[in-house]
Amino acid sequence: MEELLELKALLLKGDIQGSLAIVEELEDMSKNGIISTIRSYAVILLLHLIKQQAENRTGASQS
């Protein structure tokens, strides 16, 4: 939110270069958030696959 207020102030002053720097910073923050979310889901998926594989091994040995 702070970045948006700063962006607004820079735009009102006519500081295009400063405004573009803030926009790039916001884009990087967004990309980092997306990467973090993907990483979290990948860990959950990996744990699920490991659990499933372990269950399949124990199920096969009981037969």
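Numbering follows our numbering, with no gaps: position 1 of the sequence shown is 1148. Glycine included, each C-beta is placed from N, C-alpha and C at the ideal position. All values derive from a computational prediction rather than experimental measurement.
Inset, instruction - Under 8 Å by Cβ, that's how I've got Leu1173 and Ser1166 pegged, so tell me the actual separation to the nearest angstrom. - result: Not really, about 11 Å apart at Cβ, beyond 8 Å.
Inset, instruction - Drop a sphere of 10 angstroms on the beta-carbon of Leu1140, count the other beta-carbons inside from all chains shown, and report buried for 16 or more, exposed for fewer. - result: Lying outside 1148 to 1210, the shown extent of the chain, residue 1140 is not represented and no answer is given.
Legend entry - Cα-Cα separation, Ile1191 to Gln1200: Cα to Cα, Ile1191 sits roughly 14 Å from Gln1200.
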